[in-house]
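Chemist: Numbering (our numbering), first residue to last: 213 to 419.
One structure follows; several queries about it will come next.
Structure, rendered in structure tokens:
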């Protein structure tokens, strides 16, 4: 009996050791999988949001080129500059890949802002209403996505997205308060701008 017991004990220890090693490897694989998922999630979110805030900055730059010292547009522009600075800090911090189409977002944003302001302040406000309605919805979707990622701490990014979302919604409301709906071809203009924004979001998430 003693010889049998002596043989069983090493076997039991081997099984326990193997089980522990398997558990450790499983935990390590799970942790690596979570890190990879988080990295991909942040890469996509930061790339598209950085590109979007760059575009927004250039839209207001284009509008100000036409409208001059418009205090309403200037205030919204200053907020967009703050958003852009925040994302420019987070992109390298999380080693996210910026959009390869930055020159396009730069020039397209400025052109949109400039062209909308040629229709007067109401045209500029109509552009703002269209852009910000899409962007506020976009931020809402990202916030829900992060909140659904149970077990992960996204507090810093969630705080920024909520702040940006609230500012964009405020810009949308400001546009309506300043006569956006009185712009020439308001319905057609806003529909076209919204479609362009949604297309830009789709592209910037990927490129």
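The beta carbon of each residue, even a glycine, is placed where N, CA and C say it ideally should be.
1. Closest to residue 277 by CA distance: which of 294, 307, 250 and 321 is it?
2. Contact check, residue 259 vs residue 360 under 8 Å by CB: the rounded distance?
3. Could you tell me if residue 330 is buried or exposed, where buried requires 16 or more neighbouring beta carbons within 10 angstroms of its beta carbon?
4. Mind checking which residues open and close the alpha helix (DSSP H) that includes residue 311?
5. Just confirm the distance between the C-beta atoms of residue 336 and residue 275, as a whole number of angstroms; I'd bet it's less than 8 Å.
6. If contacts are defined as beta-carbon pairs under 8 Å, then residue 419 and residue 338 qualify, I think. What distance do you get, rounded to the angstrom?
7. Quick test of your reading: residue 347 and residue 264, contact by CB under 8 Å. State the CB separation rounded to the nearest angstrom.
8. My parser needs the alpha helix (DSSP H) runs of 4 or more residues fully inside the segment 296–362; what are they?
Modeler: In short, the structure shows the following:
1. 321
2. That pair is no contact at about 20 Å.
3. exposed
4. No alpha helix (DSSP H) holds residue 311; DSSP gives it neither H nor E.
5. Between residue 275 and residue 336 the Cβ distance is about 5 Å, and since that is below 8 Å, they are a contact.
6. Not confirmed; about 28 Å, so no contact.
7. Rounded to whole angstroms, the Cβ separation of residue 347 and residue 264 is 6 Å, and the two are in contact under 8 Å.
8. Counting only runs of 4 or more, we get 314–329 and 333–359.
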